[in-house]
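Enquirer:
Numbering (the working numbering), first residue to last: 1 to 311.
(1) With a cut-off of 8 Å on the beta carbons, I'd call residue 283 and residue 248 a contact; round off their distance for me.
(2) In the DSSP assignment, what residue or residues form a beta bridge with residue 15?
(3) Can you give me the Cβ contacts of residue 153 inside the same chain, cut-off strictly under 6 Å, excluding the 5 residues immediately before and after it?
(4) In chain order, what residues of the same chain lie with their CB nearer than 6 Å to the CB of residue 292, ignoring the 5 residues before and after it?
(5) Out of 93, 46, 237 and 260, point me to the one whose CA is closest to residue 29's CA.
(6) Checking the sheet assignment: what are the DSSP bridge partners for residue 238?
(7) Would you list the one or two residues that DSSP bridges to residue 196?
(8) So what's residue 23 in DSSP terms, helix, strand or just coil?
(9) Hey, how far is the Cα of residue 192 from the Cα of residue 43?
(10) Skipping 5 residues on each side, what residues in its chain have a beta carbon closer than 7 Å to that of residue 137?
(11) Quick one: what's got a C-beta closer than 6 Å to residue 177's C-beta in the same chain, skipping five residues either side?
(12) If I follow the unbroken beta strand (DSSP E) through residue 67, where does it start and stop?
(13) Look at the alpha carbon of residue 27 and the alpha carbon of residue 125, and state the distance between them as a whole number of angstroms.
(14) Let me confirm a value: residue 1 is counted as buried when at least 16 other C-beta atoms fall within 10 Å, else exposed. Which label applies?
(15) Among residues of its own chain, excluding the 5 on either side of residue 201, which ones have a beta-carbon nearer than 8 Å to its beta-carbon?
(16) Along the chain, which unbroken stretches of the beta strand (DSSP E) at least 3 residues long are found entirely within the segment 49-117?
(17) Is the beta carbon of residue 93 sitting closer than 9 Å to the one on residue 173?
(18) Which value, in whole angstroms, describes the spacing of the CA atoms of residue 85 and residue 265?
(19) Could you tell me the alpha carbon to alpha carbon distance between residue 61 and residue 215, rounded to whole angstroms?
(20) Roughly how many whole angstroms lie between the Cα atoms of residue 3 and residue 74?
(21) Residue 41 and residue 197: beta carbons closer than 9 Å?
(22) May I ask you to check if the CB of residue 227 is nearer than 8 Å to at least one heavy atom of the ligand GDP?
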């Protein structure tokens, strides 16, 4: 992909750690390559220890890759001009506990060289938007985990970054907090900006993301648009019947239909929809009532578990 079309470009990324007295070799990232398009929400998911956080830290130059290249906005990620255009929320943000929310955001704004009036306006706007106004005079040390997460997101958004990188942004949030954060992230994308985030809350990933990458043991195991990844090779269809006679049950079993349920109410599970017309016709001819027909679409969790279970 041309650099001007991508916010992040990662090519053949490796990261090896040497741990302990005997310098044991641990390969955390092994040849990962992907790009994140401008204006999209990109999910980066995988089991614990799969290499997600190491990849994110390499993007941010908090660690240095063993091999490979990383470009931000078409520039090497070593270029300070590129890093000024991004915001970051770590998985476990550390925030000075003796400060109050506006004092903390004032500090963050000064570090990103924001003008005084601009940082005051943005700070108050984000405090309101992320439902922290009731705690504005409270020391951060008295915040709950969810409140800390919201304040961490506020600092990442403060300078209106073009690229937002979030590591487990929904950690510690209740359902209302998760909805608030999802809404803020969608607003960020609707402004033409880019988001990369990791999360173990796969329903949120599926709800938000345009594309996802699944990483396993330091390597990519799946990459693409959700609609493409979740399109099963053979669609499954479930048919609910009532008033099923024993004769109809035997007839359906004889043609290889997967039957669930008992007595006169059954669910038929068809692999593919080729048999659907004949099954419906047979059921109705035998006096059964068709209650419902449901095509089944895989969820991101289904895909994730298949990838995790594969060799």
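Here a beta-carbon is modelled for each residue, glycine too, at the ideal position from N, C-alpha and C.
Expert: This is what the structure holds:
(1) Indeed they touch by this definition, with Cβ atoms about 7 Å apart.
(2) Answer is 29, bridged to residue 15.
(3) Here the set comprises 89.
(4) Excluding residues within five positions, the ones whose Cβ falls inside 6 Å are 240.
(5) Of the candidates 93, 46, 237 and 260, the one whose C-alpha sits nearest the C-alpha of residue 29 is 46.
(6) Under the DSSP definition of a beta bridge, residue 238 partners with 269 and 294.
(7) According to DSSP, residue 196 bridges with 42 and 165.
(8) In this structure, residue 23 counts as coil in the three-state DSSP scheme.
(9) Taking the straight line from one Cα to the other gives about 17 Å.
(10) Answer for residue 137: 100, listed in chain order.
(11) Within the same chain, Cβ atoms closer than 6 Å to the Cβ of residue 177 are found at 146, the five residues on either side in sequence being excluded.
(12) That run of the beta strand (DSSP E) goes 67-72.
(13) The straight-line gap separating the alpha-carbon atoms of residue 27 and residue 125 is approximately 43 Å.
(14) Low per-residue confidence applies at residue 1: pLDDT is 47, beneath 50, and the placement is therefore not dependable enough to give any value.
(15) Cβ contact annotation for residue 201 (same chain, cutoff 8 Å, sequence separation greater than five): 170 and 178, in chain order.
(16) DSSP runs (the beta strand (DSSP E)) wholly in the segment 49-117: 67-72 and 86-89.
(17) Their beta carbons are not under 9 Å apart, which means residue 93 does not touch residue 173 by this criterion.
(18) Between residue 85 and residue 265, the C-alpha separation is close to 59 Å.
(19) Distance between the alpha carbons of residue 61 and residue 215: 20 Å.
(20) Residue confidence is low: residue 3 scores 48 on pLDDT, short of 50, so the model does not pin down where it sits. Its coordinate-derived value is still stated next. Rounded to the nearest angstrom, the two C-alpha atoms are 5 Å apart.
(21) In contact: residue 41 and residue 197 (Cβ atoms closer than 9 Å).
(22) The ligand GDP is absent from the structure shown, which contains no ligands of any kind.
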